[in-house]
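One structure is given here, and the rest of the page talks about it.
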Amino acid sequence: MGAFKIQECHLKSIAEICTYYKNDPGDLIKILYSVQKELGFLPEDVQREVARILKISVARVYGVVSFYSFFTMTPKGKYPISVCMGTACYVRGAEKIVDELKEQLKIKVGGVTEDGKFSLDCLRCVGACGLAPVMLIGEKVYGRLEPSLIKDILDSYE
Amino acid sequence: MNKIKSIDDLRKMKKDLEFGMNIREKSNSPESLVQIRVAMATCGIASGAREVMNAMIEKIEKDKIPAVVTQGGCMGYCYAEPTVEVKVPGKDPVVFGYVSPKVAVEILEKYVLNGELIEGIIPTNYQSINQ
Amino acid sequence: MASYKMHLLVCGGTGCRASESAKIVEELSVEIKRVGLENDAQVLTTGCFGFCEKGPIVKVVPDNTFYTQVKPGDCKEIIEEHILKGRKVKRLLYEDPTTKEHIEDSKHMQFYQKQIRIALRNCGFIDPENIDEYIARDGYSALAKVLGEYTPQQTIDIIKKSGLRGRGGGGFPTGLKWEIASKNKADQKYVVCNADEGDPGAFMDRSILEGDPHSIIEAMAICGYSIGATKGIIYIRAEYPLAISRLKVAGRQCRAYGLLGKDIMGTGFDFELELRYGAGAFVCGEETALIRSMEGFRGEPTVKPPFPAEKGYMGKPTNVNNVETFANVPAIILKGADWFSSIGTEKSKGTKVFALAGKINNVGLIEVPMGITLREVIYEIGGGIKGGKKFKAVQTGGPSGGCLTEKHLDVPIDYDNLIAAGSMMGSGGMIVMDEDDCMVAVAKFYLEFTVEESCGKCAPCRVGNKRLHENLEKICNGRGTTEDVEYLKNLGKVIKDTALCGLGQTSPNPVLSTIEHFYDEYLAHVTERRCPAGQCKALKLYTIIADKCTGCTACVRACPVAAITGEKRQPHVIDAEKCIRCGACFDKCKFSAIHVQ
Amino acid sequence: MEKIQVTIDNKVVEVAKGTTIYKAAKDNGIDIPTLCYLNLDHLKIENRPGGCRVCVVEVEGRRNLAPSCSTECSDGMVIRTHNVRVLNARKTVLELILSDHPKECLICSSSGNCDLQKLSQKLGIREIHAVENAEMSTYRKDFSPALRRDMDKCIMCRRCETICNDIQTVGALSAVNRGFMSVVAPAFEQDLVDSPCTFCGQCVAVCPTGALTPFDDTSKIIRALADPQKTVIVQTAPAVRAALGEEFGLQPGTLVTGKMVAALRQLGFDKVFDTDFAADLTIMEEGTELLNRLTKFLSGDKSVKLPLLTSCCPAWVNFFEEFYQDMLDVPSTARSPQQMFGSIAKNYFAELLKIKREDLVVVSIMPCLAKKFECQREEFATDGNPDVDFSISTRELASLIKSANIDFNSLEDEDFDRPLGESTGAGVIFGVTGGVIEAAVRTAYELYTGEKLTKIDFTELRGLEGIRMATVNFNGTQINIGIAHQLGNARKLLDGIRSGMYHFHAIEIMACPGGCIGGAGQPLHHGDSNIIKARFDAIYREDASKTIRKSHENPYIIKLYEEYLGKPMSEKAHHLLHTHYFKKDKN
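Read top to bottom, the protein sequences are chains L, H, C and X.
All the letters of the first sequence, read from the start, carry residue numbers 1 to 158 under my numbering.
All the letters of the second sequence, read from the start, carry residue numbers 159 to 289 under my numbering.
All the letters of the third sequence, read from the start, carry residue numbers 290 to 886 under my numbering.
All the letters of the fourth sequence, read from the start, carry residue numbers 887 to 1473 under my numbering.
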């Protein structure tokens, strides 16, 4: 994956999103949320563009982006995997699931596989404590996990 | 959708709508209601249990009788189908046999509302609702 | 509405949806049509029933049949047997873990017996995407009552009299909070609903928003009327897509009915509602941080005073309550302050929703009266400890709380008793631990969370929690000393004493309370280099019991670091130096020949 | 004002309602330590994040300790500032901060000037409890021509962030990341040179540790002085003489012009000149430019851009090149005094000495860090040889003097060399906010009206208010003047002009609080704005003591024009003394 080059179409969608929120810096988080939803991540140039439109400093935008764990400056995998690290999942063995995923994917938490297929992250409670331990692949929730189930689940993504 | 223009509008609307929630509301506190169970096994259905149940539900809704109708499996009185078990709070359950829609309404009017016994009671000494 | 004789309620909460509950709704509808009962039985998606352990749940009313772990493939049988023929599908009924009996009726499930549902009154009962069902259950009647009959001050007085306290953690009296905001004069005020639930292991707010979004909107409008605010903002975690979508639907319905907007119900009261997203920062649960975040900044707490009630969002008086607090409000208005205050203990009125999780049989969301004991919650509602293990502790209050032990089992749960026991109510996470959980590791887990979530603004939290965590790690790795435990105690106290916001001021609680209640366990780690629960990897010692070893070499093949050697068919040995304590050999051995110390 | 009673350390005191515990204590002789709190009353600068937690005190009846900087006194409050609980907490918190701070005080450039070091001494920290190999938060170091960022030493007091955003409105810095790794940095933690930073250096001026320090050029000066091939001359900015003494224990506001000159000679500079001379030259050029524009404007020429903005302040130049690109033709094209001096030195003076410009080294002593950046701008070099070779700050000069074993306080006063050392009172007041415009008015008035001023002091232009406006009567012609110091105030003024709210003929802007006297190269004020006020008064004292107080009366300036430049704004003057501006796009 090469460095991200901002394209005309990106500029257009960023501008549209900002306009929708009336270019109000008070809506910065919502704007970044929408832009990330559109582009998948928030690379430098995108943050610069948002700052330019909202007439605020890039430093402030970056300060916000780097504060909230929801925002990312690196693209996620095609199938982003998030393992719930809530207490319920923790006491029911979420760590082992993470270890297994790291082993299978050969990446660290926060990383993306070389082919860009999977990325691995941990997140706070998803609130499916009854199914603990839980992980999400995209929006799909996998519950009652055991390390031995991981390989088959990953293999089902082709 | 129409705007709710006044507080009375809302009250009226609630009145119209609560009807649809009735059976759920009733399920919340079955012990304080007359519980009616219609046997709905194959034999019961074949002898018209569904019509009996419908008739009872309609009557209950129309007259706002504090009763809830549920369906049950075969009670073992296949000879007397359709059968209906009625449990009035504080009393022992009573099972009626050979219930037709007409008798069903009668059960509600006489037994449930006025405590009069009517014909068709099957003597039982076991099995009641929620045992 | 058609006159249905039966309703099939399918849980549409996040947990059950993860197990294909949407597909179940679809299948049930298809089957009902197939047997021609579409005019008799209706299938509805509702909010969470709370019994997440056994989801997906399908509940049939009026007979209160409670089907658990339903799969789409089971739908045909449910319809044909139960709905058509009145025969309940026994294998799907909930099985009592002790008596092994199938329970036909949810009213008879221990899980529900001690619960009183006020905040969760509509969860699992109505279709959250249908405003009519909410109205049918007295929805917006509380708002109507307030607008029609009470002055703002009278409304505040009712809430004050009810004794309702903030359910988000601190337990500040809600009525008083409203009163302060109402007394500050301003051209614009705001009502904010804090839905940035973040305690790992607590999900009641999400459940309420998913299962009963209108109750929050109604309560916010009531609050707005009381304090003189015409704008409401719900600050909700972006990771809660379902709750967001349900709120959006509810908002649209309200606008269509004129329950939001100008001149609500012809009373001249205006109220508008907006959503803001939290983007993954636990500290934003702290109200000043939340307000910073709503303004588009880093969610760092600010010094109080000024309190949000004086200078909050955009510098205007702002009242912030959490979801569960708001969910109680309409019920209090309709049923009266006396009704509400008749439930609970002297200083903690009403009920509290807990997310029961961990090593317990019935994981789920429960709402119980204040004053219930832990024993009732764990052994009656929760069905006891999973796998018949021994109860060790229960952690309440999430990363801000502490651990309660055996000796607290009969303490009535309320705000003050929990604090006295070294924990706190927090948002209501209740994680049950058994003998296999190492309390040092549990403290470390929470500190890891706090370190991750600290905003970095004040030194005690930014650096102090990091140092606490490092110390705990050292102890778990078998390198700790008794001085380290003493250091943890002093540092923990100082952090509590000096940190800027609620997150920092409570972050050492998991450490301090485990040191207090499980000092022996800390000592075992630092003096004997032993983890009594056998959880701390570095303190485990794997050996092979020669008598039991058959020399099958299964462990040799499983060992990732070639630490096991030996002749075939002869007892093997583990080289403790090489062993990385992964436990692979233990899992593989068929002869229980691996001993773990 | 309503009074309330509080008890601080067993002493009952009366304070005004709304007073913080910190202030109440301070007013009663109890100095509660703090690392993040900063309050410069005279300049309306306040930083109160409540983040360092060092100023905590015990308040009776309160569950936890209270941050004294942000807790208001209430009637009957009982406060203890140094009991065991407080001292243990304060010490533990400080230990925590130190546990994430490099222990290289011996060689840190802030050593001796560091608030953290002083506090550590005050509290007698002798060991730091933490696990061995406790993790430290470390960051990439960033060297710009003007300042160094070594954020390993950052304690997150946020003063720099407040200054950069709220006061200067530059927005180069923001808190970034979260938790243990949070730090104040430019966007993407990139280098300052790639950010909209103006190098005003005010972040350095308030940094309580060695995280933000000036780029140190002293070793280059020592090397140049030691080089027999080089003629090394020095120019000293007006504000330096009003502050240098502080570094040698003299009272703030002590003027040390003569001692400074003597010290520079002892250091080995071949000639000791004065930037004030160049300031007078600036007035000739800028004043003439103002008069030209004004005359055309008053005669109805619509193509003329007014107001004229001063251009002496390099941070201000950087600021408008970044943020007011549509107004690049408004500021005066006159170079700053430092650069005018450099240009005259490397051309006129080198010719006088008959040496090559490469063999002449021009050093400037500046109260300013942006000057380090300015002298490296490409347009101020000929064939790669800069007009000003090195710019060092007041503090760097002090350290040079100290390292050369010069007993500064016992030096006899000496005078500047000629010709570039002669200056007027007008040149001196360049060092304070309002000074440049007052100097310009003194000259412009006489040139415009052809009359002698009866009153040289334009007190209406003086003061420490952030934005000031005044009208000066040029014999019936009303000249509207705007003055701003600190870039946030400049922004307000400029936005007002852009929107048509203000109509000025001339505007003076300085980036630093109080003007150059509050520059980031000056001795550190450690949060005491009285120091800035004292320097402010000193500058006007120096002006009043001068016999010549109008730039156009400086005999050496007159001579320079006669012998070399011709007239102000002549072609030669234009070539040597004027510049042009560039668009920057770093935000």
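Where is the CB? At the ideal position from N, CA and C, for every residue including glycine.
Under the Cβ criterion (8 Å, minimum of three pairs), the stretch 341–350 of chain C counts as touching the stretch 297–307 of chain C.
Against chain X, the CB of PHE41(L) has no partner CB under 8 Å away; the residue lies outside that interface.
For PRO1223(X), the enclosing alpha helix (DSSP H) stretches over residues 1223–1230. Restricting attention to alpha helix (DSSP H) runs no shorter than 4 residues, the stretch 795–878 of chain C encloses them at 798–806, 808–816, 843–847 and 873–877, ordered along the chain. Taking all protein chains shown into account, ASN1051(X) has 16 or more neighbouring C-beta atoms within 10 Å of its C-beta and is therefore buried. Under the three-state reduction of DSSP, SER1250(X) is assigned to strand. Between LEU271(H) and chain C, the shortest Cβ-Cβ separation is not below 8 Å. The stretch 704–724 of chain C makes no contact with the stretch 735–749 of chain C; the number of CB pairs closer than 8 Å stays below 3. When DSSP states are grouped into helix, strand and coil, ARG1044(X) belongs to the coil group. For LEU11(L), the enclosing alpha helix (DSSP H) covers residues 8–20. Taking a 10 Å sphere around the C-beta of LEU1379(X), we find 16 or more other C-beta atoms and assign the residue as buried.
Considering only beta carbons, no part of the stretch 1201–1215 of chain X lies closer than 7 Å to chain L. Among the residues of chain C, those whose CB is under 7 Å from the CB of PRO25(L) are GLY585, following chain order. The alpha helix (DSSP H) runs lying completely inside the stretch 1075–1159 of chain X and spanning 4 residues or more are 1088–1092, 1104–1112 and 1143–1153, given in chain order.
Note on geometry: alpha-carbon atoms of PRO606(C) and LYS648(C) lie some 44 Å from one another. Secondary structure note for GLU1171(X): it is in no beta strand (DSSP E), and the uninterrupted alpha helix (DSSP H) holding it is 1161–1184. In the structure shown, ASP1343(X) adopts coil according to DSSP, grouped into three states.
DSSP, read as helix, strand or coil, puts CYS232(H) in coil. Within 10 angstroms of the beta-carbon of THR1117(X) lie 16 or more other beta-carbons, which makes it buried. Near chain L, meaning a CB-to-CB distance below 8 Å, the residues of the stretch 680–697 of chain C are GLN684 and GLY687. VAL435(C) and ILE622(C) do touch by the CB rule: their CB atoms are close to 6 Å apart, below 8 Å.
A Cβ-Cβ distance of about 29 Å is found for the pair PRO821(C) and VAL783(C), leaving them out of contact under the 8 Å criterion. Against chain C, the CB of TYR20(L) has no partner CB under 8 Å away; the residue lies outside that interface. For TYR704(C), the closest of VAL299(C), LYS641(C) and LYS837(C) by C-alpha to C-alpha distance is LYS641(C).
Taking 8 Å as the cut-off between beta carbons, the residues of the stretch 723–746 of chain C near chain X are VAL740, GLU741, GLU742, SER743, CYS744, GLY745 and LYS746, in sequence order. Going by C-alpha positions, THR920(X) is about 27 Å away from SER1279(X). Apart from sequence neighbours up to five positions away, the residues of its chain that approach LEU1005(X) with a beta-carbon distance below 8 Å are PRO919, LEU921, VAL940 and LEU980, ordered along the chain.
At a cut-off of 8 Å between C-beta atoms, VAL227(H) counts as an interface residue with respect to chain C. Collapsing the DSSP output to three states places GLY937(X) in coil. Rounded to whole angstroms, the Cβ separation of ALA1392(X) and ALA1326(X) is 7 Å, and the two are in contact under 8 Å.
The beta carbon of ILE1287(X) sits closer than 6 Å to the beta carbons of ALA1149 and PHE1294 from its chain, once the five residues preceding and following it are set aside; these are given in chain order. Put simply, the stretch 1333–1350 of chain X does not touch the stretch 1156–1172 of chain X. Fewer than three CB pairs are less than 8 Å apart. Counting the other Cβ atoms within 10 Å of the Cβ of ASN969(X) gives fewer than 16, which makes it exposed. In chain order, ILE833, CYS838, GLY840, THR842, CYS844, VAL845, ILE853, THR854 and GLY855 place their CB closer than 8 Å to the CB of HIS861(C), counting only its own chain and leaving out the 5 sequence neighbours on each side.
Interface annotation for the stretch 53–78 of chain L against chain X: ILE56, SER57, VAL58, ALA59, ARG60, VAL61, TYR62, GLY63, VAL64, VAL65, SER66, PHE67, TYR68, SER69 and MET73, criterion Cβ-Cβ distance under 9 Å.
In the DSSP assignment, ALA1220(X) forms a beta bridge with HIS1464(X).
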